[in-house]
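Please read the structure below before turning to the comments.
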Amino acid sequence: MVCQRRREDLFIGKNIGFDIRLIDVNRTCKVTKGGQVVKYTAILVCGNYHGVVGYAKAKGPAVPIALQKAYEKCFQNLHHVERHEEHTIAHAIQTTYKKTKVYLWPAPLGRV
């Protein structure tokens with residue numbers, strides 16, 4: 001029950017006003033002389049809909065531990081994004097990092 005309580009505290013916690021989204025959880029298995037070592041990787045993104053965003057990637061021996069580490073790192077890695085007309089970015093952006101392509105488009109005014 002300790003894990004479940006910690007997980008509830010994790011998402012109800014201190015940073016009210018931020019929306020937190022889990023992007024990916026990945027399971028990796030490394031075979032060693034002593035057996036298999038399993039690790040989990042979690043990627044989280046957070047934002048407050050007022051131009052502040054953060055992201056984090058963390059690893060751990062179990063999913064809740066990886067999520068907790070990513071959650072803590074997410075709020076240490078906050079960035080301010082300039083917004084056009086207080087709701088969107090000014091123009092479309094396309095970039096590539098290694099094999100990942102990221103596309104961002106301006107959005108019309110609407111609900112969050």
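Its first residue numbered 1, the sequence shown is counted upward by one per residue in full-length UniProt numbering. C-beta atoms are modelled at their ideal positions from N, C-alpha and C, and glycine is treated no differently.
According to the DSSP assignment, Tyr71 belongs to the alpha helix (DSSP H) that extends over 63-74. Around the CB of Tyr71, 16 or more other CB atoms lie within 10 Å, so the residue is classed as buried. For Val81, no pairing in a beta bridge is given by DSSP. Non-local C-beta neighbours of Pro106 in its own chain, meaning closer than 8 Å and more than five positions away in sequence, comprise His84, Thr88, Ile89, Ala90, His91, Ala92, ordered along the chain. Closest in C-alpha terms to Arg27, from the list Gly51, Tyr97, Val52, Leu67, comes Leu67. Bounds of the beta strand (DSSP E) holding Ala58 are 52-60. In the structure shown, the three-state DSSP call for Ile16 is coil. Counting the other Cβ atoms within 10 Å of the Cβ of Cys74 gives 16 or more, which makes it buried. Boundaries of the beta strand (DSSP E) around Ala42: 35-47. In this structure, Ile23 is the residue among Ile16, Gly17, Ile23 with its C-alpha nearest to the C-alpha of Thr41. Under the three-state reduction of DSSP, Lys99 is assigned to coil, being neither helix nor strand.
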